[in-house]
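Numbering (the numbering used here), first residue to last: 1 to 297.
What follows is the structure, given as structure tokens:
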């Protein structure tokens with residue numbers, strides 16, 4: 001069964017062009033599923049897998065305390081895999097046909113207020129090379145609403161400071177061009193002139209925009225740790241991740257009257273319904289403000 005899994009992963013990479021993190025997620029989910037099918041159900045043939053086997057596997061995940069969102073993701077992975085097996089004529093039937101995904105609770109994304117964003121942007125020590133780098137990263141993250149992977153995959157040539165835009169490759173290998181403001185332009189310019197040359201190492205020749213102390217492309221874990229440190233320094237109590245800046249970017253644009261379609265394009269959402277969640281965030285923030293400040297609330 002491992003061969004078919006590898007064929008499926010190769011298909012998702014080549015035909016679908018999915019991002020690395022999405023591919024890894026599929027692989028983890030399906031390794032767990034196939035482990036259950038082989039070791040617990042003792043099945044070796046895909047044609048022997050029934051709807052009940054999948055339901056029992058999902059029951060085990062539920063018993064382990066997995067969230068509704070995680071269950072829904074596993075179902076999506078398993079369904080895609082069985083559809084692939086059917087299409088490739090490895091299996092004669094698809095046991096996921098009548099399995100429905102659980103209703104997911106809509107969790108509104110956490111966002112920072114404008115003052116909290118300002119505190120975060122001022123947290124790095126801009127007199128040091130690492131402070132200049134971190135400030136530039138936060139300014140771009142918030143100024144362009146980038147995903148963390150998009151930010152970290154930027155090369156020097158992707159940032160066009162003279163005309164004020166950044167080019168990034170998003171999900172599904174889709175390119176998009178996003179305008180950036182004077183604050184982000186200034187921070188990146190300062191980093192490129194005063195910090196990146198000092199971080200760059202001759203033995204690691206790279207065109208990566210943001211470098212770590214080894215002179216290599218900044219890693220996701222390293223940046224995540226830096227964000228936590230900066231949040232502590234800025235005295236922000238709420239839970240914050242690099243993705244919080246993307247949520248804040250979209251929410252602040254909509255709160256200030258930006259067109260929903262324009263925000264969708266800047267975020268790189270394939271479906272506008274994904275962008276619409278930020279309108280709910282804006283409404284909730286308005287209600288919270290009303291409840292906090294109106295004397296008759």
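Glycine included, every Cβ here is placed at the ideal spot set by N, Cα and C.
Using a Cβ-Cβ cut-off of 8 Å (strictly less than) and excluding sequence neighbours within five positions of residue 62, which residues of its own chain qualify? Apart from sequence neighbours up to five positions away, the residues of its chain that approach residue 62 with a beta-carbon distance below 8 Å are 71, ordered along the chain.
Quick one: grab the DSSP three-state call for residue 94. Secondary structure at residue 94: coil, using DSSP grouped into helix, strand and coil.
Runs of 3 residues minimum, wholly inside the region 172-228: which ones carry the beta strand (DSSP E) assignment? Whole beta strand (DSSP E) segments, 3+ residues: 175-179.
Measuring only the C-alpha atoms, how far is residue 74 from residue 20? A straight-line Cα-Cα distance of about 17 Å links residue 74 and residue 20.
What separation, rounded to the nearest whole angstrom, lies between the Cα atoms of residue 132 and residue 217? Going by the C-alpha atoms only, they are around 16 Å apart.
For residue 277, the nearest candidate out of 148, 77, 31 and 110 (CA to CA): With respect to the C-alpha of residue 277, the residue from 148, 77, 31 and 110 having the closest C-alpha is 110.
Quick one: give me the first and last residue of the alpha helix (DSSP H) that residue 54 is part of. Segment 51-63, the alpha helix (DSSP H) holding residue 54.
Residue 169, DSSP secondary structure in three states: Strand, per DSSP.
What are the residues that DSSP puts in a beta bridge with residue 159? The secondary-structure analysis by DSSP pairs residue 159 across a beta bridge with 166.
For residue 279, which of helix, strand or coil comes out of DSSP? In the three-state reduction of the DSSP assignment, residue 279 falls in the helix class.
Can a CB atom of chain C be found closer than 8 Å to the CB of residue 45? Looking at the structure shown, chain C is missing, and only one protein chain is on hand.
So is residue 306 buried or exposed if we call it buried at 16+ other beta carbons inside 10 Å? Because the chain is modelled from 1 through 297, residue 306 falls outside the range shown and cannot be assessed.
How far does the alpha helix (DSSP H) with residue 35 in it reach, from first residue to last? Where residue 35 is concerned, the enclosing alpha helix (DSSP H) starts and stops at 20-39.
Taking the alpha-carbon positions, what's the residue 298 to residue 51 distance? As displayed, the chain neither begins before 1 nor continues past 297, which places residue 298 out of reach and without an answer.
Out of curiosity, what's the CA-to-CA distance linking residue 117 and residue 237? Looking at the two C-alpha atoms, the distance is approximately 13 Å.
What would DSSP say about residue 273, mapped onto helix, strand or coil? In the three-state reduction of the DSSP assignment, residue 273 falls in the helix class, which pools H, G and I.
Could you check what DSSP says for residue 242 in three-state terms: helix, strand or coil? Per DSSP, reduced to three states, the secondary structure at residue 242 is helical.
For residue 72, which of helix, strand or coil comes out of DSSP? When secondary structure is reduced to three states using DSSP, residue 72 falls in the helix class.
Would you decide whether residue 150 is buried or exposed? Buried here means 16 or more other CB atoms lie within 10 Å of its CB. By the neighbour-count rule (16 or more Cβ atoms within 10 Å), residue 150 is buried.
Residue 258, DSSP secondary structure in three states: Residue 258 sits in coil when the DSSP states are folded into three classes, being neither helix nor strand.
Alpha carbons only, please: which of 49, 214 and 192 is nearest the one belonging to residue 201? Comparing Cα positions, the closest option is 214.
Taking 7 Å as the cut-off, is the CB of residue 8 close to at least one heavy atom of the ligand FAD? No copy of the ligand FAD appears in this structure; indeed no ligand is present at all.
Suppose the cutoff is 7 Å on Cβ atoms and the five residues either side in sequence are ignored; what does the same chain contact list for residue 90 look like? Once the five neighbours on either side are set aside, the close Cβ partners of residue 90 are 4 and 46.
So, for residue 86: in the same chain, excluding its five sequence neighbours on each side, which residues have a beta-carbon less than 8 Å away from its beta-carbon? Closer than 8 Å at Cβ, skipping near neighbours: 92, 93 and 94.
Who are the Cβ neighbours of residue 98 in its own chain at under 7 Å, not counting the five residues just before and after it? Cβ neighbours of residue 98 beyond the five flanking positions: 51.
Tell me whether the beta-carbon of residue 223 lies closer than 8 Å to the beta-carbon of residue 148. Their beta carbons are under 8 Å apart, which means residue 223 touches residue 148 by this criterion.
Beta-carbon contacts of residue 206 that lie in its chain and below 7 Å, excluding the five residues immediately before and after: 216 and 217.
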